[in-house]
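The opening residue of the sequence shown carries number 12 in the numbering used here; numbering runs sequentially from there.
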Amino acid sequence: MSNRRLFSLLFIMIMMISGQGCSNENPLRVSSPSGNIQVEVFTLGQGQAAYLVKHKGTLVLDTSMVGFDFLDAPMLQTGLNIINSSKSSFHEEWEMPWGEQRSVINQYNELIVSFREEKNLRREFNLVFRVYDDGLGFRFEFPRQEYMRKVYITEELTQFNLTADHTAWWLPGDWDISEHLYSVTRISEIDAISKRDHPNLAQTYIPVNAVLTPLTMKTDQGLYLSFHEAALIDYAGITLMPDKDDLSFRVNLVGSWRDYKVERTTPFHTPWRSLQIAETAGQLIESRLIVNLNEPNKLDDVSWIKPTKYVGIWWEMHLDKSTWGYAGGRHGATTENARRYIDFAAENNIGAVLIEGWNTGWENWIGTPEREGIFDFVTPYPDYDLEGVVAYARDKGVKIIMHHETSSDVRTYDRQLDTAYALIKHLGINHVKTGYVGTIIPEGEYHHNQWMVNHYQRVIETAARHKVGVNSHETIMATGLRRTYPNIMASENLRGQEFNAWATDGGNPPEHLPTVAFTRMLAGPIDYTPGIFNIKLDPYRPDNQVNNTLANQLAIFVVIYGPLQMAADLPENYQSHPAFQFIRDVGVDWEQSKVLNGQIGEYVTIARQERGTSNWFLGSITNGQARSLTIKTDFLEPGKTYLATIYADAPDAHWKLNPTVYTITQREVTNKSELTLVLAPGGGTAISFHMQ
Ligand code: NOJ
Ligand code: CA
């Protein structure tokens with residue numbers, strides 16, 4: 012059944028339009044199916060290709076130009092004629108093999124505009140717009156042509172010309188990492204350079220004042236916009252450079268040591284440049300624009316890709332209770348410790364155990380240039396019985412999650428890919444967590460450039476051949492490719508829970524995840540690693556803490572979507588807590604998801620129905636402010652009664668002063684009920700609904 016097209020309709024209306032007459036007085040137009048979003052494409056006085064976007068008749072993007080700059084070839088930006096155009100409509104309903112919802116509607120109107128240079132090289136490209144009710148995507152398609160074979164792009168000149176100085180939630184345009192905190196400023200106040208030299212990052216490179224995507228904004232009129240990209244394959248990741256004077260952004264591709272940023276051969280097309288447009292912040296989260304802009308599943312049978320909750324030998328290293336490396340006598344990944352976690356998982360409805368630090372090479376893994384060639388992805392440390400642990404887990408019905416920390420020594424990982432994944436297959440393992448801490452080896456490559464995008468793709472395709480789902484850390488931001496390669500499961504690409512253990516800047520503030528939900532989460536599933544109950548990290552990290560309440564940590568399981576959801580704390584910290592029942596119960600794969608309320612950086616409440624059951628789960632989180640939120644449970648099935656188990660902050664809870672106090676209450680509800688959620692500062696509420 013997976014990824015089966017249930018219903019597909021294609022109407023094609025071809026309109027051939029001659030080159031003349033598509034100026035800005037007489038543009039080509041395409042609207043979304045409802046007509047709410049309208050795009051116009053035209054040429055300007057010197058033959059520049061341009062577009063604009065309206066929402067309900069109001070400009071969202073004013074005249075914005077596009078073009079390319081090349082090495083050893085003239086710029087492609089002026090002297091262009093529109094030589095052709097066509098329009099079509101598309102509607103299908105497709106099924107996510109796993110995800111936030113089962114069934115997805117993909118409906119858009121498409122406009123393809125063909126441009127050609129009037130003189131000189133007479134180069135050609137198509138500008139393709141797909142306009143949906145929740146936003147739009149456009150990309151450039153370069154057909155094979157005489158004066159454009161091998162192409163070296165030094166910059167993509169795509170512009171997004173905003174109409175006012177909107178409020179923007181942004182991350183600096185780091186070529187090497189997305190593990191920064193969000194800033195919220197007006198567009199004119201974006202200052203990514205001030206985020207350089209962060210003390211807690213093993214790699215960071217912010218060459219210019221640019222921001223990463225998804226870049227979410229709110230207009231003073233209350234409209235929400237989010238810019239990103241979709242289907243990033245064999246191209247560089249984007250960052251967006253603000254122009255403070257005309258309040259526009261221009262693409263700044265991630266580069267390398269080379270004097271160009273993208274190398275391709277015609278025919279090829281770029282990734283989609285995407286813009287989500289929503290009237291409420293919650294609609295941004297419910298939008299499936301990014302996956303819809305990707306191609307359907309390319310892997311045949313994907314029934315082997317299974318979402319799961321997991322625990323792991325992980326947090327204990329971040330707390331420095333044990334170590335990844337063997338030397339020093341505090342090694343975490345021992346056979347005995349692994350069995351302890353496996354037993355715990357088996358007893359508590361948790362499907363998998365991640366084991367980090369099992370393989371040789373950790374003594375010298377971080378930061379040093381000598382780390383090349385040190386990691387070995389097949390050789391366990393002497394106190395870890397790799398085959399024995401996997402067999403022990405199998406007997407208990409638990410899966411092991413393989414771990415590959417590459418330390419960004421990409422050459423070494425590439426060389427070992429086939430043997431490493433053959434071993435995973437031999438062991439019957441279905442998931443791998445990869446990591447890329449540190450600057451890339453070879454030097455001069457960056458985590459988000461074309462060379463690394465191609466490396467990540469090789470890993471995904473190798474993993475798919477071996478039937479392995481991937482959870483990647485420190486890679487490129489997700490761009491919806493999970494639709495095409497459903498073994499791209501989760502990724503980190505944000506400041507995860509780990510920063511609460513050791514960051515020297517106070518960790519992740521309470522507003523972090525209420526911001527992430529409307530920014531990073533629009534890109535795709537997240538491995539945040541929630542569920543820390545020992546909020547003050549006693550006795551391991553006296554100077555750090557998790558800046559949320561315990562109830563908030565439960566709510567994250569629902570709010571922050573990921574198909575591999577970790578109960579991250581040490582097993583001993585769960586033993587005495589009745590609240591752990593929520594983690595035992597909570598689903599990890601969803602039939603449908605509904606955003607009940609939310610404001611960026613302030614609060615958000617999401618309800619999700621578990622696949623294959625009638626259970627619903629709800630999570631609500633807030634920033635540093637206490638608040639009461641009244642919600643309707645009208646998402647529940649009509650005519651049925653559910654037992655709601657409510658895990659809430661106790662009246663005196665507070666993320667800093669009293670983070671671990673909570674209440675558990677139960678009541679019967681129907682789809683006509685209302686609940687008032689009372690959230691402490693930095694707090695949250697988690698609810699399970701079981702049909703009676
Ligand atoms: C950084 C990852 O984000 C973290 O989850 C992992 O434990 C370490 N690298 C070691 O691989
Ligand atoms: Ca990380």
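Cβ atoms here follow ideal geometry from the backbone N, Cα and C, with glycine treated the same way.
Quiz item: Based on Cα-Cα distance, which residue from His415, Glu111 and Glu167 lies nearest to leucine 428?
Solution: His415
Practice problem: Return the CA-CA distance between glycine 609 and glycine 449, expressed in angstroms with no decimal places. | Solution: 35 Å
Self-check item: Rounded C-alpha distance that separates lysine 272 from glycine 266
Solution: 5 Å
Quiz prompt | Distance between glutamate 503 and tyrosine 424 (C-alpha atoms, nearest Å) | solution = 19 Å
Practice problem: Could you check how far apart the C-beta atoms of serine 418 and tryptophan 369 are, in whole angstroms? I think they sit under 8 Å. | Solution: About 15 Å separates the two Cβ atoms, so there is no contact after all.
Exercise. List the residues that DSSP assigns as beta-bridge partners of tryptophan 2.
Key: Residue 2 is absent from the model: the chain starts at 12 and stops at 703.
Practice problem: Return the residue from the list Gln603, Ala691 and Asp311 that minimises the CA-CA distance to alanine 659. | Solution: Ala691
Quiz item: Where does the unbroken beta strand (DSSP E) through glycine 293 begin, and where does it stop?
Solution: Not the beta strand (DSSP E): glycine 293 falls in the alpha helix (DSSP H), residues 292-297.
Quiz prompt | Check your reading: residues with Cβ closer than 5 Å to ligand 1 heavy atoms | solution = Glu416, Gly446, Val448 and His484
Quiz item: Does the region 586-598 come close enough to the region 515-523 to have 3 or more Cβ pairs within less than 8 Å?
Solution: no
Quiz item: Does DSSP put histidine 523 in a helix, a strand or coil?
Solution: helix
Self-check item: Cutoff 8 Å; reference threonine 334; Cβ partners in own chain excluding five residues on either side
Solution: Met328, Arg341, His342, Gly343, Gly368 and Trp373
Quiz item: Sorry if obvious, but does the Cβ on glutamate 509 come closer than 8 Å to a heavy atom of ligand 2?
Solution: yes
Quiz item: Cα separation between phenylalanine 136 and threonine 445?
Solution: 37 Å
Practice problem: Could you give the DSSP three-state label for isoleucine 201: helix, strand or coil? | Solution: coil
Quiz item: Which partner residues does asparagine 263 have in the DSSP bridge list?
Solution: Thr250
Quiz item: Is there at least one non-hydrogen atom of ligand 2 closer than 8 Å to the beta-carbon of glutamate 367?
Solution: no
Self-check item: Best match in Ala637, Glu454, Leu122 and Val470 for proximity to tryptophan 268 [C-alpha to C-alpha]
Solution: Glu454
Exercise. With DSSP collapsed to three states, give me the class of glutamine 232.
Key: coil
Practice problem: Taking only heavy atoms of ligand 2 into account, decide whether any of them is closer than 8 Å to the Cβ of glutamate 190. | Solution: yes
Quiz item: Where valine 569 and glycine 650 are concerned, what is the direct C-alpha to C-alpha distance, given to the nearest angstrom?
Solution: 25 Å
Practice problem: For the alpha helix (DSSP H) containing asparagine 370, list its first residue and its last residue. | Solution: Run containing asparagine 370: none; DSSP gives neither H nor E here.
Quiz item: Just how far apart, CA to CA, sit alanine 618 and methionine 86?
Solution: 49 Å
Quiz item: Straight-line CA distance for glutamate 121 to histidine 466?
Solution: 32 Å
Self-check item: Span of the alpha helix (DSSP H) around glutamine 461
Solution: 461-476
Quiz item: Using the C-alpha atoms, what's the distance from leucine 132 back to methionine 532?
Solution: 43 Å
Exercise. Using only the heavy atoms of ligand 2, determine whether one of them is closer than 8 Å to the beta carbon of glutamate 522.
Key: no
Quiz prompt | Residue range of the beta strand (DSSP E) that includes glycine 446 | solution = 442-446
Quiz item: Looking at C-beta atoms only, is the number of pairs between the region 181-193 and the region 300-316 that lie closer than 8 Å three or more?
Solution: no
Quiz item: Is the beta carbon of arginine 350 sitting closer than 9 Å to the one on threonine 276?
Solution: no
Quiz item: Any heavy atom of ligand 2 closer than 8 Å to the Cβ of glutamate 503?
Solution: yes
Quiz item: If alanine 61 and threonine 54 are in contact, beta carbons under 8 Å, what's the gap, nearest whole angstrom?
Solution: 7 Å
Quiz item: For chain C, is any of its Cβ atoms less than 9 Å away from the one on lysine 605?
Solution: The question asks about chain C, but that chain is absent: this structure has only one protein chain.
Exercise. Determine which residues share a DSSP beta bridge with methionine 328 and list them.
Key: None; methionine 328 has no bridge partner.
Quiz item: Using 8 Å as the Cβ pair cut-off and three pairs as the minimum, do the region 687-701 and the region 553-573 touch?
Solution: yes
Exercise. Under 8 Å by Cβ, that's how I've got leucine 234 and histidine 66 pegged, so tell me the actual separation to the nearest angstrom.
Key: 7 Å
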